[in-house]
Amino acid sequence: MSAQIALEAVNVTKRFGSMTAVDDVSIRFTAGRLHTILGPNGAGKTTLFNLLTKDYRPDGGEIRLLGEAVTSLKPHEIARRGVGRSYQITSVIRELNFFENVLLAAYRARRQGRFGVWREVRADPMSADEARRLLASLGLERFAERKAADVSYGDQRMLELAVTLATQPRVLLLDEPTAGLSQRESERVKDVVNSLKSRYTIVMIEHKMNVVMDISDDVTVMARGRVIASGSPSHIANDAAVKAAYFGL
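With the numbering used here applied, the sequence shown corresponds to residues 289 to 537, in that order.
In structure tokens, the structure reads:
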């Protein structure tokens, strides 16, 4: 039996005026695997993420989720179908504490994206239990009552991951999860992401090569809006086109 394709882009193109940011890209993400998208700045990686999450509409091509075309869906509709995303810059609510941030995401997931008044959110026991479970699973329970604004950037990134998981995704898109982190914090995030591999389909943009090589199952390299190589981490590490585009060798 062939592996299930969780999410794919088929011949997608995105232009901004005269600039083509993503140029006829086709890429498949296999269910239950961690697939890293690698490439120099300006390669089109984040634009591709924005196409996959429907933050951008493609100028050509198709986005498919579990084999179904979802190109016409809006971002909140694709999120409801199980595509969760973290961003390069943390997007948590800094004035809420850790528990409240995750609780709000869990509540909205249970209510299919709808907001409620704050007293209703806090009174929902199932959302509260889910928030506590996620904080504990990521080693964040000690921060439950701490405001996001009062902790390190690394801990904020971990909170953002907990918030994203609270949306109940099947496909998890991580946009440079170790960006701006120290070596110690990067190792912590790497270990957590690695522990999630068996439970989610993970698509990750990442620049730190030790992270890419240590935990990726599959790697795709982009340059100037196009895919230039795909394969296992060891295959990519020895690919001449990748060395030329990414390392200037």
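Glycine included, every Cβ here is placed at the ideal spot set by N, Cα and C. Please read all numbers here as calculations on a predicted model, not as lab measurements.
1) Would you mind giving the Cβ-Cβ distance between L469 and R445, rounded to the nearest angstrom? I have them listed as a contact below 8 Å.
2) What separation, rounded to the nearest whole angstrom, lies between the Cα atoms of G513 and L295?
3) Taking the alpha helix (DSSP H) that A511 falls in, what are its first and last residues?
4) Is the separation between the beta-carbon of L462 and that of I503 shorter than 8 Å?
5) Return the CA-CA distance between R369 and S306, expressed in angstroms with no decimal places.
6) So what's M289 in DSSP terms, helix, strand or just coil?
7) Check for me: the alpha helix (DSSP H) holding R430 runs from which residue to which?
8) Sorted by chain position, which residues of the same chain lie with C-beta nearer than 8 Å to M289's C-beta, five sequence neighbours on each side aside?
9) With a cut-off of 8 Å, do at least 3 Cβ pairs link the region 392-399 to the region 475-489?
10) Inspect the beta-carbon positions of K342 and K362 and report whether they are closer than 8 Å.
11) Buried or exposed for G355, going by 16 or more other Cβ atoms inside 10 Å?
12) List, from N- to C-terminal side, the beta strand (DSSP E) runs of 3 residues or more that fit wholly inside the region 335-389.
13) Look at the alpha carbon of D412 and the alpha carbon of S522, and state the distance between them as a whole number of angstroms.
A quick look at the data gives this:
1) Locating residue 469 in the sequence shown gives position 181, where the first residue counts as 1. Locating residue 445 in the sequence shown gives position 157, where the first residue counts as 1. About 7 Å separates the two Cβ atoms, so the contact holds.
2) One-based indexing of the sequence shown puts residue 513 at position 225. One-based indexing of the sequence shown puts residue 295 at position 7. Going by the C-alpha atoms only, they are around 19 Å apart.
3) Stepping through the sequence shown from its first residue, residue 511 is reached at position 223. First-last for A511: D506 to A511, but that is the beta strand (DSSP E), not the alpha helix (DSSP H).
4) The residue given as residue 462 occupies position 174 in the sequence shown. The residue given as residue 503 occupies position 215 in the sequence shown. Against a cut-off of 8 Å, the Cβ pair of I503 and L462 comes out as no contact.
5) Taking the sequence shown and counting its residues from 1, one reaches residue 369 at position 81. Taking the sequence shown and counting its residues from 1, one reaches residue 306 at position 18. Each residue's alpha carbon lies about 33 Å from the other.
6) Here the question's residue 289 lines up with position 1 in the sequence shown. A caution first: M289 carries a pLDDT of 43, below 50, which makes its placement in the model too unreliable to give a value.
7) Stepping through the sequence shown from its first residue, residue 430 is reached at position 142. Looking at the DSSP string, R430 is not in any alpha helix (DSSP H), and its letter there is neither H nor E.
8) Within the sequence shown, numbered from 1, the residue matching residue 289 stands at position 1. For M289, the predicted model reports a pLDDT of 43, less than 50, meaning its position is unreliable and no value from the coordinates is stated.
9) no
10) Walking along the sequence shown from the start, residue 342 turns up at place 54. Walking along the sequence shown from the start, residue 362 turns up at place 74. Against a cut-off of 8 Å, the Cβ pair of K362 and K342 comes out as a contact.
11) Residue 355 sits at position 67 when you count from the first residue of the sequence shown. With a 10 Å radius around the Cβ and a threshold of 16 neighbouring Cβ atoms, G355 comes out exposed.
12) 348-353 and 371-374
13) In the sequence shown, counting from the first residue as 1, residue 412 sits at position 124. In the sequence shown, counting from the first residue as 1, residue 522 sits at position 234. If I take the Cα positions, the gap works out to 47 Å.
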